[in-house]
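Take a look at the structure below.
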Amino acid sequence: MRPLYLILKIVLNFSLRIYYKRHARVRAPKNFVNRTIYASNHPSSFMDPLIIAVRQNPIVHFMTRGDIYKGVMKQVFWSAHMLPIYRNHDGEDAVRKNQEVFDTAAKELRRGRGIIMFAEGFTDDKFIRRLKPVKKGSVRLGFEALEKCNWKKEISMQAVGLNYTNPKKFRSEILVAYGPKICLNDFKEVYLENSGKTISEITKRIEKDMRDQITHVDKKEWCSLHEGIMSLTRKGMNNENKDESIPLKKRWEYSRNLALWMNEHEEDKEEELDQLKEEVTGYFSLLKKSRLEERFIYEYATKGKISLWKNYLLLFLGFPFALLGLIHGAPSYFIIKPLIEKAFRRDVFWSSVKMVAGLAVAGIYNILFIFLVYYLIYPNWWVAIGYYFVVPGVTFVIFHLWWNNFRELKIRKILQGKDLGKFVSRRTVLLEKIKSRIPVA
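Written as structure tokens, this is what we have:
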């Protein structure tokens, strides 16, 4: 692997562990050398390739937007194993350039490297749990690579499903699931007989495998119903409303099974589910209008009150650590964050760019603390360097929790004086309807 790729793999692994509260992988590949094309969904723009490349063993190259692959950054992207893909509006020679990139990718496959391709092609502005139509490019690349090596190397394809609780939220969760491997060499005879048909059939198979690795709601209009049910039952992949005692993998399975049940009953339960959707939407609209959140109604329903003691405890005990985290993360939080939000109109880019840019700025800024620790606290370079790698990241997470807790405390104080009984009653009736009509819920 190229030096920059190795450095980024190590550094970003640490950064991703800070950014995401929980990680999980299902059927992840273990070999470092793997002639495999990974066909993935694309829910979170720049964050998606980082998750796959950093959190798995195989050495990979991945495709990126051609319009950013130029100038000084071209060499940087090349060193990071990034290959450009050009679209029609990138210029008249986009087709020729893409063929050159495909030739490079095919060469890397023959050398034992993996290729990540985001088969959907683009990211939605609003995150929804469903798969968009899959393009044929990844399958075509695999067969082109086999032709160039006269079918002497074994090249495979594997579906990848990226499952975020919320791709735009710091300290959310991520589960990456891998489908079964498909060895393209097994299709040599049918490919040579009819290449177009074979590519189409394998693309359909890959698309099915990709749907199996994620939560896919066939009917787009029911995505909000699916999310609402997960929030109310607290068993699924909703980021704000979940039972954290349930393992992430179990919540992923619940989310998938709920979507599968809805898909299977799309026709015979359509009227019933449309009515349920109206009721669920009405409940959450009422909460929004009343400036309430489901988690507060759940707490009131289970405990009979809105508690404050945990918030006060974190407020006082966490203050010194939060202050330290603020000191270490001030440039990233107060400078990088607003700059990126201003520079990028689409918020789907924010999480990944903030993470990488914040890591770079914080990494440089916090070098100062190596010398401060050595000269002012304890004269040992190993202790000072250990402080640099551990304390800024951990205390910044505490600062983030502390600050959110501070803002939430004000809301809880207001809610303590309110009777939330009517919301609890409506929620109880709604939950009973969900459980009686949807067996998997």
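Using our numbering, the first residue of the sequence shown is number 27, and each one after it goes up by one. All residues carry an ideal CB built from backbone N, CA and C; glycine is no exception.
In the same chain as Asp238, and ignoring 5 residues on each side of it, the C-beta atoms closer than 7 Å to its own belong to Gly205, in chain order.
For Asp269, the number of other beta carbons within 10 angstroms of its own is below 16, and it is reported as exposed. As the crow flies, the alpha-carbon of Phe422 is around 12 Å from that of Phe415. Ranking Lys314, Leu427, Ser378, Ser377 by CA distance to the CA of Phe347 puts Leu427 first. Rounded to the nearest angstrom, the gap between the Cα atoms of Ile94 and Lys179 is 33 Å. With a contact defined as Cβ atoms closer than 8 Å, Ala65 and Met143 qualify at about 6 Å.
Between the C-alpha atoms of Leu352 and Phe425 there is a straight-line separation of about 6 Å. Inside the region 211-237, DSSP marks whole alpha helix (DSSP H) runs of 4 or more residues at positions 214-219, from first to last along the chain.
With contacts defined as CB atoms closer than 7 Å, Pro69 and Phe88 fail to qualify as a contacting pair.
Annotated three-state conformation of His87 is strand, per DSSP. Between Glu319 and Ser257, the C-beta gap is not smaller than 7 Å, which leaves the two residues out of contact. Rounded to whole angstroms, the separation of the alpha carbons of Lys314 and Asn265 is 17 Å. Within the same chain, Lys194, Ile366, Glu367, Phe370 come within 8 Å of Trp376 by CB-CB distance, once the 5 residues on both sides are set aside. Out of Gly447, Ala106, Ser71, the CA that lies nearest to the CA of Lys380 is found in Ser71. Of the candidates Leu34, Leu286, Gly419, the residue whose Cα lies closest to the Cα of Leu350 is Gly419.
Fewer than three Cβ pairs drawn from the region 27-34 and the region 332-342 lie within less than 8 Å of each other, which leaves the two stretches out of contact.
Nearest Cα to Ala79 within the set Lys100, Leu135, His107, Arg61: His107. In the DSSP assignment, Leu188 falls within the beta strand (DSSP E) that extends over 182-190. By the CB criterion at 7 Å, Ile63 and Ser164 fall inside the cutoff. Among the bridge pairs identified by DSSP, Met256 is matched with none. Apart from sequence neighbours up to five positions away, the residues of its chain that approach Ile411 with a beta-carbon distance below 7 Å are Ile396, ordered along the chain. If only uninterrupted alpha helix (DSSP H) runs of at least 4 residues are considered, those enclosed by the region 379-465 are 393-398, 407-442, 447-463. A distance below 7 Å between beta-carbons, with the five flanking residues on each side excluded, links Arg438 to the following residues of its chain, in chain order: Ile332, Leu334, Asn337. If you check the CB distance, Met263 and Thr328 do not come in under 7 Å. Within the region 35-98, the complete beta strand (DSSP E) runs of at least 3 residues fall at 48-52, 62-66, 86-91.
Following the DSSP letters along the chain, one finds Tyr204 inside the beta strand (DSSP E) bounded by residues 199-209. In the structure shown, Met263 adopts coil according to DSSP, grouped into three states. From the listed residues Lys448, Asn39, Ser281, Lys230, the smallest Cα separation to Ile255 is found for Ser281.
In this structure, Ala185 sits away from Lys161, with a CB-CB distance that is not shorter than 7 Å.
Partner residues in the beta bridge of Gly140, as assigned by DSSP, are Val86. According to the DSSP assignment, Ile353 belongs to the alpha helix (DSSP H) that extends over 345-357. The region 124-144 and the region 168-178 touch, with three or more beta-carbon pairs separated by less than 8 Å.
Assigned with DSSP and collapsed to three states, Pro110 falls in strand. A distance of 7 Å or more separates the beta carbons of Ala50 and Leu284. For the 7 Å CB-CB criterion, Thr259 and Ala467 form a contact.
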